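Here's the structure we're looking at; comments come further down.
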Amino acid sequence: MNSLDLFGLTLAFVGAMPPPRPPRPRPDRATWAAALLFGGICLGTVGPMITIWSFHRPYAEAKARCIADGGRILYAALDGSGPYRCARPLGAADAGAQTALRAY
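For the sequence shown, the numbering used here gives the first residue as 144, with consecutive numbering after it.
Shown next, in the form of C-alpha coordinates:
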(Lines of atoms letter the chains of each structure in order from A and count residues from 1; the text may use other names and numbers.)
(Lines give C-alpha, C1' and ligand atoms only; values in the text may rest on other atoms or scores of the structure.)
Protein backbone atom coordinates (compact mmCIF):
# COMPACT_ATOMS: atom_id res chain seq x y z
CA MET A 1 0.00 0.00 0.00
CA ASN A 2 1.54 3.30 -1.02
CA SER A 3 1.15 6.64 0.72
CA LEU A 4 -1.57 7.89 -1.66
CA ASP A 5 -3.78 4.89 -0.81
CA LEU A 6 -3.12 5.39 2.90
CA PHE A 7 -4.06 9.09 2.61
CA GLY A 8 -7.39 8.22 0.88
CA LEU A 9 -8.18 5.56 3.43
CA THR A 10 -7.49 7.99 6.28
CA LEU A 11 -9.78 10.66 4.75
CA ALA A 12 -12.59 8.11 4.36
CA PHE A 13 -12.78 7.66 8.13
CA VAL A 14 -12.44 11.38 8.95
CA GLY A 15 -15.52 12.47 6.96
CA ALA A 16 -18.95 13.03 8.44
CA MET A 17 -21.29 10.10 8.90
CA PRO A 18 -24.34 9.99 6.64
CA PRO A 19 -27.71 10.70 8.26
CA PRO A 20 -29.53 7.68 9.67
CA ARG A 21 -31.87 5.88 7.31
CA PRO A 22 -35.53 6.82 7.77
CA PRO A 23 -37.87 4.06 8.92
CA ARG A 24 -39.51 1.93 6.25
CA PRO A 25 -43.03 2.97 5.29
CA ARG A 26 -45.79 0.56 6.19
CA PRO A 27 -47.28 -1.30 3.23
CA ASP A 28 -50.48 0.26 1.98
CA ARG A 29 -53.08 -2.38 1.17
CA ALA A 30 -55.22 0.01 -0.88
CA THR A 31 -52.36 0.61 -3.31
CA TRP A 32 -51.89 -3.12 -3.84
CA ALA A 33 -55.63 -3.61 -4.29
CA ALA A 34 -55.77 -0.86 -6.93
CA ALA A 35 -52.74 -2.31 -8.73
CA LEU A 36 -54.29 -5.78 -8.79
CA LEU A 37 -57.62 -4.39 -10.00
CA PHE A 38 -56.09 -2.38 -12.86
CA GLY A 39 -53.73 -5.22 -13.79
CA GLY A 40 -56.66 -7.62 -13.94
CA ILE A 41 -58.62 -5.23 -16.14
CA CYS A 42 -55.65 -4.91 -18.52
CA LEU A 43 -55.17 -8.67 -18.75
CA GLY A 44 -58.91 -9.19 -19.10
CA THR A 45 -59.10 -6.89 -22.13
CA VAL A 46 -55.77 -7.46 -23.85
CA GLY A 47 -55.76 -11.26 -23.51
CA PRO A 48 -58.91 -11.88 -25.57
CA MET A 49 -57.83 -9.30 -28.14
CA ILE A 50 -54.57 -11.19 -28.73
CA THR A 51 -56.46 -14.48 -28.94
CA ILE A 52 -58.99 -13.11 -31.44
CA TRP A 53 -56.22 -11.57 -33.54
CA SER A 54 -54.34 -14.86 -33.69
CA PHE A 55 -57.43 -16.68 -35.00
CA HIS A 56 -57.95 -14.11 -37.75
CA ARG A 57 -54.55 -14.76 -39.32
CA PRO A 58 -54.79 -18.30 -40.71
CA TYR A 59 -51.39 -18.16 -42.39
CA ALA A 60 -51.00 -21.90 -43.05
CA GLU A 61 -54.31 -22.20 -44.89
CA ALA A 62 -53.72 -19.08 -46.98
CA LYS A 63 -50.19 -20.18 -47.85
CA ALA A 64 -51.35 -23.64 -48.93
CA ARG A 65 -54.16 -22.14 -51.03
CA CYS A 66 -51.76 -19.68 -52.65
CA ILE A 67 -49.20 -22.35 -53.53
CA ALA A 68 -51.96 -24.64 -54.86
CA ASP A 69 -53.10 -21.81 -57.17
CA GLY A 70 -49.54 -21.46 -58.50
CA GLY A 71 -48.69 -18.26 -56.63
CA ARG A 72 -46.15 -17.22 -54.05
CA ILE A 73 -46.38 -15.39 -50.72
CA LEU A 74 -45.32 -11.74 -50.62
CA TYR A 75 -44.89 -9.71 -47.44
CA ALA A 76 -45.45 -5.99 -46.99
CA ALA A 77 -42.69 -5.71 -44.36
CA LEU A 78 -39.08 -6.68 -45.01
CA ASP A 79 -38.85 -8.85 -41.91
CA GLY A 80 -41.98 -10.87 -42.79
CA SER A 81 -44.04 -9.54 -39.91
CA GLY A 82 -46.49 -7.48 -41.91
CA PRO A 83 -49.57 -8.52 -43.83
CA TYR A 84 -49.00 -11.20 -46.43
CA ARG A 85 -50.28 -11.30 -49.99
CA CYS A 86 -50.45 -13.98 -52.65
CA ALA A 87 -48.92 -13.08 -56.01
CA ARG A 88 -50.34 -15.25 -58.76
CA PRO A 89 -51.13 -14.94 -62.47
CA LEU A 90 -54.31 -13.10 -63.40
CA GLY A 91 -55.76 -16.00 -65.35
CA ALA A 92 -55.10 -18.69 -67.92
CA ALA A 93 -55.93 -16.37 -70.84
CA ASP A 94 -53.38 -13.81 -69.61
CA ALA A 95 -50.35 -16.10 -69.75
CA GLY A 96 -47.92 -13.25 -70.41
CA ALA A 97 -49.53 -10.76 -68.07
CA GLN A 98 -48.02 -9.49 -64.87
CA THR A 99 -48.93 -11.06 -61.55
CA ALA A 100 -51.69 -9.55 -59.45
CA LEU A 101 -51.72 -9.13 -55.70
CA ARG A 102 -54.68 -10.87 -54.18
CA ALA A 103 -55.34 -10.82 -50.43
CA TYR A 104 -56.83 -13.87 -48.81
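Think of the CB as a built atom: it goes at the ideal place given N, C-alpha and C, for glycine as much as any other residue. Owing to the predicted nature of the structure, the values given are computational and were not obtained by experimental measurement.
Residue state for Pro165 is assigned as coil, using DSSP reduced to three classes. If only uninterrupted beta strand (DSSP E) runs of at least 3 residues are considered, none is enclosed by the segment 148-192. In this chain, the alpha helix (DSSP H) harbouring Ala211 covers Tyr202 to Ala211.
Around the beta carbon of Arg228, 16 or more other beta carbons lie within 10 angstroms, which makes this residue buried. Exposure of Cys185 is indicated by the presence of fewer than 16 other C-beta atoms within 10 angstroms of its C-beta. In this structure, the CA atom of Val157 is about 16 Å from the CA atom of Leu147.
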